[in-house]
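Residue numbers (UniProt numbering): 1 to 647.
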């Protein structure tokens with residue numbers, strides 16, 4: 001039996017429909033919709049990478065970028081049974097990139113298992129039947145006749161063993177040795193309050209022994225079984241969006257607080273022993289285990305295009321490199337691009353890529369020159385000029401994207417594309433559904449690289465929750481974003497890509513709210529905005545069909561696209577207020593199917609998916625009556641996707 005969406009949602013007796021609109025849809029397309037329209041923007045903020053998408057479970061695994069002999073250097077580590085711990089500048093470091101080691105001293109007179117434990121990134125999930133791959137490097141400070149074993153284990157915070165294995169060792173080992181083991185628990189932990197531990201039996205022979213450790217690692221199963229890969233549940237949630245591009249590596253986290261702290265591609269590729277890490281821009285150390293090649297492999301795994309940023313001579317602390325000194329940084333950018341697309345027989349960076357297992361170039365069509373360079377617009381004029389005039393002739397098939405305010409300042413050469421960022425209120429996004437309609441059609445294209453409704457207070461957008469800042473996306477914010485997205489689709493002749501930001505957020509250590517997807521050590525929490533992005537991404541068309549335009553500064557918005565191969569018409573509707581709206585669609589086509597499907601996301605204005613209510617607002621599907629003329633009632637605060645066949 002066919003029912004209206006209005007009846008389906010049970011609102012007939014409680015909601016007054018106050019808006020009635022007739023929408024006439026043209027059967028003739030106005031422009032194609034780019035395949036790159038919907039995708040993802042990534043940077044390591046709120047442990048999006050380390051402790052998030054990057055599956056490594058151990059925090060501070062290699063003591064990167066810490067100050068030796070300080071308590072802070074032991075972040076996430078603790079002593080077991082009296083072991084004396086200190087991070088030291090090792091006189092014989094495991095590699096030049098990793099100069100520090102963890103020095104563990106077994107105290108005299110101790111008994112039982114003595115060693116170290118790591119709490120992970122605010123917890124470690126232990127699942128029965130999963131295989132965990134653990135490794136670490138060790139050496140004894142002095143040679144001795146000691147013989148014993150390391151016990152490598154996963155255990156609860158209370159000390160109950162969940163799984164363990166032993167590795168024989170001798171005190172003769174004063175040169176670095178690597179230990180690799182697998183752990184296969186037969187029981188699942190009841191919580192994520194678990195530790196990874198490495199201990200020695202502290203019999204009399206172990207008393208006084210000093211052991212140095214470097215580069216610990218613990219990986220669960222990864223997405224598509226990639227070595228050094230991605231956390232399965234987060235990666236799966238991202239993959240289910242059907243994204244067509246991935247913007248990397250940021251974002252503010254590209255720039256560094258100082259020039260020396262900038263993200264550098266060559267420090268993020270190759271063996272983990274060769275990656276020094278860096279002080280990230282969001283308050284924690286970046287391991288760079290998730291490096292340039294890992295990003296590119298991730299793009300391959302999901303069939304996404306990379307939109308890659310190069311550092312453009314500006315650090316967030318306010319330093320702009322003088323024009324006369326830009327040469328080495330331009331060369332580094334050139335090497336970065338060559339690593340991705342260069343000929344391995346002609347380019348040293350490309351040869352490095354090939355040696356790391358990818359002889360063929362990766363696809364790359366877009367390169368961003370910097371990030372948010374409106375923060376240093378006065379120097380971006382020469383920085384843009386010098387980078388682009390050096391790079392464009394070398395890479396004529398790449399489209400370079402400017403990151404200052406659109407057309408301000410005037411840049412030379414004239415940018416082919418601009419990256420636009422908008423953070424604002426839900427009502428701003430609804431009111432700006434026509435943001436791009438007035439832009440000149442002159443060959444310039446636009447990337448909506450970051451956008452999100454983050455506050456209900458237009459006078460304090462970046463304030464606190466007490467002043468309107470959202471902690472999690474709401475149905476009100478998501479419907480506002482959807483209204484804006486209908487405008488992006490309508491203007492897809494000049495808007496080639498768009499991505500919500502930030503993408504990911506560890507709820508235990510967050511630097512920004514709201515976010516598209518939140519998570520903790522054990523679970524993933526897709527937001528209302530996530531489902532909007534997913535609905536738009538999975539219901540793409542090949543071409544845009546003009547229709548009666550929504551009222552500017554109104555509350556009801558829509559866009560219509562067609563999938564050519566199936567002749568499927570897809571109508572996306574956003575209702576940004578509490579009252580339902582009655583839409584009548586007129587389709588002057590030869591034939592229109594009598595039935596179609598409706599995917600509906602709706603809820604109260606402040607409804608959010610959170611760790612305590614993870615599935616409060618999720619899409620629901622129904623069958624609806626369609627035809628050359630049909631009606632649809634859009635619930636209050638809703639995003640609907642209607643699809644049916646028409647010829």
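No residue lacks a Cβ here, since even glycine has one placed at the ideal position from N, Cα and C. Keep in mind it's a predicted model, so treat the numbers as computed, not measured.
Q) Measuring CA to CA, which of 638, 569, 117 and 642 is closest to residue 579? A) Residue numbering aside, residue 579 sits at position 579 when the chain shown is read from its first letter. Of 638, 569, 117 and 642, the residue nearest in Cα terms is 638.
(Q) Can you find the residues in the same chain that come closer than 6 Å, C-beta to C-beta, to residue 546, ignoring five residues on each side of it along the sequence? (A) As a working note, residue 546 is residue 546 in the chain shown. For residue 546, where only same-chain residues beyond five positions count, the Cβ hits under 6 Å are 26 and 30.
Q) What is the DSSP secondary structure of residue 243, reduced to helix, strand or coil? A) If you number the chain shown from 1, residue 243 lands on position 243. Here residue 243 sits in coil by DSSP.
Q | Opening and closing residue of the beta strand (DSSP E) in which residue 647 lies | A | Here residue 647 corresponds to residue number 647 of the chain shown, with the count starting at 1. Taken as a continuous stretch (DSSP letters only), residue 647 belongs to no beta strand (DSSP E), as it is neither H nor E.
(Q) For the alpha helix (DSSP H) containing residue 262, name the first residue and the last one. (A) Taking the first residue of the chain shown as 1, we reach residue 262 at position 262. Here residue 262 belongs to no alpha helix (DSSP H), and DSSP marks it neither H nor E.
Q: Count the other C-beta atoms from every protein chain shown that fall within 10 angstroms of the C-beta of residue 462, then say buried if there are 16 or more, exposed otherwise.
A: To locate residue 462, count along the chain shown from 1; it is residue 462. The residue is exposed, with fewer than 16 neighbouring Cβ atoms inside 10 Å.
Q | Limits of the unbroken beta strand (DSSP E) element including residue 309 | A | Here residue 309 is taken as the residue at index 309 of the chain shown, counted from 1. First-last of the beta strand (DSSP E) with residue 309: 305-310.
**Q.** Distance between beta carbons of residue 98 and residue 62, contact taken as under 8 Å
**A.** The sequence position of residue 62 within the chain shown is 62, counting from 1. The sequence position of residue 98 within the chain shown is 98, counting from 1. With 8 Å as the limit, residue 62 and residue 98 qualify as a contact, their Cβ atoms being about 5 Å apart.
Q) Under a three-way DSSP split, which group does residue 69 fall into? A) Position 69 of the chain shown, counted from the first residue, corresponds to residue 69. In this structure, residue 69 counts as coil in the three-state DSSP scheme.
Q | Alpha-carbon to alpha-carbon, residue 541 and residue 567 | A | Residue 567 sits at position 567 when you count from the first residue of the chain shown. Residue 541 sits at position 541 when you count from the first residue of the chain shown. Computed Cα separation, rounded: 10 Å.
(Q) Using the Cβ count rule (16 or more neighbours within 10 Å means buried), how would you classify residue 478? (A) Here the question's residue 478 lines up with position 478 in the chain shown. When all chains shown are included, residue 478 counts as buried.
Q. Given that a residue counts as buried once 16 or more other Cβ atoms are within 10 Å of its Cβ, and exposed if not, what is residue 163?
A. Mapped onto the chain shown, residue 163 falls at position 163. Classification of residue 163: buried, given that the 10 Å Cβ count is 16 or more.
Q. Taking the beta strand (DSSP E) that residue 420 falls in, what are its first and last residues?
A. Residue numbering aside, residue 420 sits at position 420 when the chain shown is read from its first letter. Per DSSP, residue 420 belongs to the beta strand (DSSP E) from 417-424.
Q. So, are the CB atoms of residue 197 and residue 155 less than 8 Å apart?
A. Locating residue 197 in the chain shown gives position 197, where the first residue counts as 1. Locating residue 155 in the chain shown gives position 155, where the first residue counts as 1. Yes, the Cβ-Cβ distance between residue 197 and residue 155 is below 8 Å.
Q | Cβ-based neighbour list, residue 375, same chain, cut-off 6 Å, excluding 5 preceding and 5 following | A | In the chain shown, residue 375 corresponds to position 375, counting from 1. Result list for residue 375: empty, nothing under 6 Å.
**Q.** Whole-angstrom distance between residue 105 and residue 138, CA atom to CA atom
**A.** Working through the chain shown from its first residue, we reach residue 138 at position 138. Working through the chain shown from its first residue, we reach residue 105 at position 105. Rounded to whole angstroms, residue 138 to residue 105 spans 13 Å at the Cα level.
Q) From residue 51 to residue 34, what distance separates their C-alpha atoms? A) The sequence position of residue 51 within the chain shown is 51, counting from 1. The sequence position of residue 34 within the chain shown is 34, counting from 1. Rounded to the nearest angstrom, the two C-alpha atoms are 33 Å apart.
(Q) Buried or exposed for residue 633, going by 16 or more other Cβ atoms inside 10 Å? (A) On the chain shown, residue 633 is found 633 positions in, with the first residue counted as 1. Residue burial annotation: residue 633 is buried, with at least 16 other C-beta atoms found within 10 angstroms of its C-beta.
(Q) Could you tell me which whole beta strand (DSSP E) segments of length 3 or greater appear in the stretch 21-109? (A) Complete beta strand (DSSP E) runs here, min 3: 77-80, 84-89 and 100-105.
Q) Ordered along the chain, which non-local residues of its own chain (more than five positions away) have a Cβ less than 8 Å from that of residue 4? A) Taking the first residue of the chain shown as 1, we reach residue 4 at position 4. Note that residue 4 scores 41 on pLDDT, short of 50, meaning its location in the model is unreliable; the coordinates nonetheless yield the value given after this. Within the same chain, Cβ atoms closer than 8 Å to the Cβ of residue 4 are found at 624, 625, 631, 632 and 633, the five residues on either side in sequence being excluded.
Q) DSSP on residue 130, reduced to helix/strand/coil? A) To locate residue 130, count along the chain shown from 1; it is residue 130. Residue 130: coil per DSSP, three-state reduction.
Q) Counting Cβ pairs, one atom from each stretch, are 3 or more of them under 8 Å apart for the stretch 519-538 and the stretch 609-616? A) Enough Cβ pairs lie closer than 8 Å, so yes.
**Q.** Assigned exposure category for residue 328 - 16 Cβ within 10 Å defines buried
**A.** Taking the first residue of the chain shown as position 1, residue 328 is located at position 328. Per the 10 Å Cβ criterion, exposed.
Q) Which residue from 74, 226 and 451 puts its Cα closest to that of residue 59? A) Working through the chain shown from its first residue, we reach residue 59 at position 59. Checked all of 74, 226 and 451; the closest Cα to residue 59 is 74.
Q. Is DSSP giving residue 172 helix, strand or coil here?
A. Translated into the one-based positions of the chain shown, residue 172 becomes position 172. Here DSSP, grouped into helix, strand and coil, assigns residue 172 to coil.
Q) Quick one: what does DSSP say residue 506 is sitting in, helix, strand or coil? A) Taking the chain shown and counting its residues from 1, one reaches residue 506 at position 506. The DSSP-derived three-state label of residue 506 is strand.
Q) Do you know offhand how far residue 642's Cα is from residue 576's? A) Taking the first residue of the chain shown as 1, we reach residue 642 at position 642. Taking the first residue of the chain shown as 1, we reach residue 576 at position 576. Roughly 17 Å separates the two Cα atoms.
(Q) Going by DSSP in three states, residue 151 sits in which element: helix, strand or coil? (A) Translated into the one-based positions of the chain shown, residue 151 becomes position 151. Residue state, collapsed to three classes: strand.
Q) Given that a residue counts as buried once 16 or more other Cβ atoms are within 10 Å of its Cβ, and exposed if not, what is residue 599? A) Here residue 599 corresponds to residue number 599 of the chain shown, with the count starting at 1. Under this definition residue 599 is a buried residue.
Q) For residue 120, does the three-state DSSP call read helix, strand or coil? A) Within the chain shown, residue 120 is the residue found at index 120, counting from 1. Residue state, collapsed to three classes: strand.
**Q.** Stretch-stretch touch, CB-based, cutoff 8 Å, three pairs: the stretch 83-91 with the stretch 104-120
**A.** yes
Q. Residues in its own chain within less than 6 Å of residue 353 by CB, not counting five upstream and five downstream?
A. Mapped onto the chain shown, residue 353 falls at position 353. 339.
(Q) By alpha-carbon positions, which one of 603, 560 and 602 ends up nearest to residue 586? (A) As a working note, residue 586 is residue 586 in the chain shown. Checking every option, the nearest Cα to that of residue 586 belongs to 560.
Q) Is residue 330 buried or exposed, if buried means 16 or more other CB atoms sit within 10 Å of its CB? A) Locating residue 330 in the chain shown gives position 330, where the first residue counts as 1. Burial check for residue 330: the Cβ neighbour count within 10 Å reaches 16 or more, so the residue is buried.
**Q.** contact_flag[the stretch 470-490, the stretch 429-437] where n(CB pairs < 8 Å) is 3 or more
**A.** The stretch 429-437 and the stretch 470-490 touch, with three or more beta-carbon pairs separated by less than 8 Å.
Q. How far does the alpha helix (DSSP H) with residue 328 in it reach, from first residue to last?
A. In the chain shown, residue 328 corresponds to position 328, counting from 1. For residue 328, the enclosing alpha helix (DSSP H) covers residues 327-341.
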